[in-house]
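These protein sequence lines map, in sequence, to chains A and B.
When we follow this note's numbering, the leftmost residue of the first sequence carries the number 76, and every step to the right adds one.
When we follow this note's numbering, the leftmost residue of the second sequence carries the number 3, and every step to the right adds one.
Structure first, then comments.
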Amino acid sequence: MVLLHFKDGKSLIDDPSFFLSPEGKKNPYKELQATIRAINRNPYLRCKFPARAFFIEKFLKINLPKVKCPELDKFLEEIKGEKISLIFADYYINSPASMFGHTFLRIYDREKNVYSFIVNYAAQVNDTNALIYAFKGLFGFYKGYYYISPYYQKIKEYVGIEGRDLWEYELKVDREMLLLLKLHLWELKDKYSHYYFFHKNCSSEILYLLGILKPNNSPHVRTPWVIPIDTIRAVLDKNLVRKINYYPSLLTQLRYLSKHLKDDDVEKVINWAFDKSELPKNGSAFLYEFAAQYVKFLYYSKDIDRRKYIKKYLYALKLRSKGGKINYSIKPEGYPHVSHRSQRFSITYGFNKVTQYMDVSYRPAYHDLLDPPQGYKKNGEIVFSEISLRFLPKLHRFTIQDWKILRIISLEPMYSFYRPISWKVDFGFHEFLNDRGEKRKFLSITSGFGFSIGEKITSFSLGEIKVMHNFDGEMPIAVGLRIGLLKQGKIFSFISSISSGKYLKEFNEKYFFDYSLRFAFHINRSLSVRFKTNYQLVGNKASFEPSVSALIYF
Amino acid sequence: MKKFLSALGGVILLASSSYAVNKENTGCGLGYMIFKEQEGLVYELLAVTTNGTFGNQTFGITFGTLECKKPEKIANRKLEIFVAENMDELAQDIARGNGIYLETLADLMNIPEEERPQFFSKLQKNFDKIFSSENVTSADIIDAIVSL
């Protein structure tokens with residue numbers, strides 16, 4: 076059943092050539108019979124379906140005719156290796172496809188050998204337009220394939236170009252089952268299944284393969300959708316992990332190296348990279364490693380061209396090669412599996428000058444700025460489809476108060492050598508104060524760009540534009556500036572921000588002002604308490620609203 | 003609503019990043035990057051590396067090593083591919099005298115575990131000779147390493 080990818084009465088594989096019986100997609104017993112019959116008739120079919128043949132002989136004790144399969148043997152020779160690990164690639168907030176992280180498998184013998192192979196499940200995407208991508212990805216228009224490629228390629232892509240840390244979770248595995256998995260990978264060669272962003276994605280399909288390794292103890296996630304980090308939790312829950320390795324991204328390496336340098340040394344390297352001065356002649360090994368990594372970083376982000384990069388890179392490394400050995404290993408700030416779970420339920424009590432209220436909210440995914448920060452990308456927020464219902468005690472009824480369809484915020488602080496843009500997008504159904512002092516609900520999209528500084532406490536500044544729309548046909552548009560402070564800590568976090576600007580359309584084109592202060596106390600990784608106050612002003616109409624919430628992560 | 007939707011589309015487009023990469027790179031020299039869109043057809047890599055036709059078209063696409071010169075002093079296809087694809091990382095590890103790229107190189111050259119520290123420091127001392135110019139190719143590097 077596992078080999079046929081059966082789930083809920085039918086196979087997850089959509090490619091008809093994967094089945095030998097016309098009813099194979101729905102009926103595994105017919106498919107089994109058809110497989111035995113077909114291999115007996117044409118023994119060479121076992122070269123096409125080696126895992127099934129292996130299974131039939133090994134577990135059902137039915138003998139099948141034997142033949143040589145040279146192609147398959149070469150394949151097995153190429154992906155030889157007795158170890159397997161599940162690798163988690165950090166969140167890459169700047170790409171919609173990767174903002175939840177990514178998982179893939181690696182088959183290898185020696186940990187330090189990067190010429191080993193990885194197994195990746197991905198959609199074959201030809202669209203570069205994010206909207207089309209999102210639509211097609213959500214509704215299964217893409218064909219998903221398993222890919223096999225060398226590990227070093229992935230390292231270059233993730234660690235180098237995209238700046239994502241990698242965590243390798245080595246799995247406990249039985250030799251025979253690993254062979255079955257490899258044989259099955261051969262069967263899946265060129266077989267597609269439709270890709271769905273939420274429930275048939277890279278992580279769910281990789282997790283499925285792990286089920287082959289552990290037929291009696293297969294890891295699974297509790298939700299209908301599959302988020303990459305949940306597959307890591309699933310294998311940990313089943314106690315399948317032997318050890319964990321960490322592979323820092325180019326950016327993490329740069330940060331680490333820069334901490335071993337004086338500020339003006341960092342400055343000198345930057346000046347050298349942009350041809351403003353020479354590289355110091357008597358610098359430390361750290362300085363030259365930093366210099367080489369820095370020009371590589373600039374080259375990857377297309378800030379310098381290839382010729383200049385090669386020249387400077389070799390020059391820095393040449394100086395580095397005279398510096399003997401230095402031993403260091405970069406430790407991760409936290410592990411992604413030691414993080415709060417992605418579903419959240421919360422209850423809020425609050426009041427304003429009109430009424431008291433009680434809100435209940437549910438968020439399927441993922442992490443906001445005030446959630447316990449361990450294991451997540453610092454100063455990053457991805458909220459997907461959080462819905463809040465409001466109970467008004469006077470009226471004895473529930474209404475939909477708020478629906479955060481998608482909100483992404485990235486307030487990555489700038490360093491002397493790296494200046495990322497801070498940005499946010501907020502699309503959802505929210506309540507806004509209007510110029511008559513009433514709260515009204517709008518479908519709205521807010522987008523902001525700016526910058527942030529400071530690692531421990533981050534100050535940020537964003538220019539924002541907001542477009543709203545409601546069922547009465549109003550379409551207010553506002554522009555403004557937001558400045559604020561953010562602190563993310565183990566015990567408590569806070570965010571305080573002031574936003575001010577002007578409505579360009581509707582609301583009598585009034586000026587607005589908004590101050591909010593939010594505190595979160597993290598009792599543990601699954602429990603948190605928050606306090607919030609919010610003062611709003613549109614024209615001369617004001618609103619003040621304090622609230623307190625209890626949040627559970629599960 | 004129409005206006006709203008187009009505003010929405012604009013904002014999303016603004017927020018999404020593109021993957022355009024300079025396509026003039028080849029894998030023979032330094033500065034080679036692998037392109038995301040060239041991740042390759044399914045199993046292409048294995049199909050090609052296993053069927054023994056070196057210099058095949060698909061191979062060239064995936065690896066960018068199609069037009070690379072072959073080393074003279076050693077015939078080891080995996081080593082050629084690895085060095086061609088990872089020259090920058092290898093340069094860095096050689097300059098540092100350790101790292102996973104050096105370990106992989108030693109694996110591919112079948113250098114026994116106990117000889118590695120010596121091998122690595124020999125390479126480190128000869129960095130200038132191995133990476134002798136900006137136009138050094140992967141074949142030059144392999145030949146230089148082998149003749150040390």
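Just so you know, even glycine gets a beta-carbon here, dropped at the ideal spot from N, CA and C.
- In terms of beta-carbon proximity, LEU389/A lines the interface with chain B, with at least one pair separated by less than 9 Å.
- In the three-state DSSP reduction, THR110/A falls in the helix class (H, G or I).
- Using a CB distance below 9 Å, the part of the segment 381-410 of chain A facing chain B consists of ARG381, ARG382, TYR384, ILE385, LYS386, TYR388, LEU389, ALA391, LEU392, LYS393, LEU394, ARG395, SER396, LYS397, GLY398, GLY399, LYS400, ILE401 and ASN402, ordered along the chain.
- Listed by position along chain B, the residues whose Cβ is nearer than 8 Å to that of GLU262/A form an empty set, because the closest Cβ is around 12 Å away.
- Counting only runs of 4+ residues, the alpha helix (DSSP H) found wholly inside the segment 341-375 of chain A occupies 360-375, in chain order.
- In this structure THR474/A is exposed. Its beta-carbon is surrounded by fewer than 16 other beta-carbon atoms within 10 angstroms.
- Rounded to the nearest angstrom, the gap between the Cα atoms of SER497/A and LEU362/A is 28 Å.
- Among the CB atoms of chain A, none fall inside 9 Å of the CB of ASP145/B.
- Rounded to whole angstroms, the separation of the alpha carbons of PRO118/A and LYS143/A is 10 Å.
- For LYS187/A, at least one C-beta of chain B is nearer than 9 Å to its own C-beta.
- Linking GLU620/A to ARG605/A through their CA atoms gives a straight-line distance of about 14 Å.
- Inter-residue distance for PHE504/A and ASN545/A is about 9 Å (C-alpha atoms, whole angstroms).
- Of ASN102/A, ASP165/A and LYS499/A, the smallest CA-CA separation from PHE175/A is found for ASP165/A.
- Look at LEU120/A here: in three-state DSSP terms it is helix.
- With distances taken between CA atoms, TYR220/A lies nearest to ILE281/A out of ILE281/A, ASP338/A, GLU245/A and LYS100/A.
- For LEU110/B, at least one C-beta of chain A is nearer than 9 Å to its own C-beta.
- Relative to the Cα of LEU332/A, the nearest Cα in the group PHE492/A, PHE179/A, SER268/A and LEU284/A belongs to PHE492/A.
- Annotation: the continuous beta strand (DSSP E) that includes PHE473/A extends over 472-485.
- Ranked by Cα distance from LYS155/A, the first of ILE162/A, LEU161/A and TYR183/A is TYR183/A.
- Contact between the segment 570-585 of chain A and the segment 541-561 of chain A is established, with three or more Cβ pairs separated by less than 8 Å.
- Taking the CA atoms as reference points, ILE627/A sits about 49 Å from LYS400/A.
- A distance below 6 Å between beta-carbons, with the five flanking residues on each side excluded, links SER293/A to the following residues of its chain, in chain order: GLY286.
- Neighbours of LYS371/A in chain B, taken as residues at a C-beta separation under 7 Å, are given in chain order as ASP90.
- Of all C-beta pairs linking the segment 230-237 of chain A to the segment 247-264 of chain A, fewer than three are shorter than 8 Å, placing the two stretches out of contact.
- Taking C-beta separations shorter than 6 Å and ignoring five residues to either side along the sequence, ASP380/A has no partners in its chain.
- If you compare the alpha carbons of ASN128/B, ILE102/B, ALA146/B and ILE76/B with that of ASN88/B, the shortest gap goes to ILE102/B.
- Straight across, the Cα-Cα distance linking PHE365/A with TYR167/A is about 23 Å.
- For PHE216/A, the secondary structure class from DSSP, reduced to helix, strand or coil, is coil.
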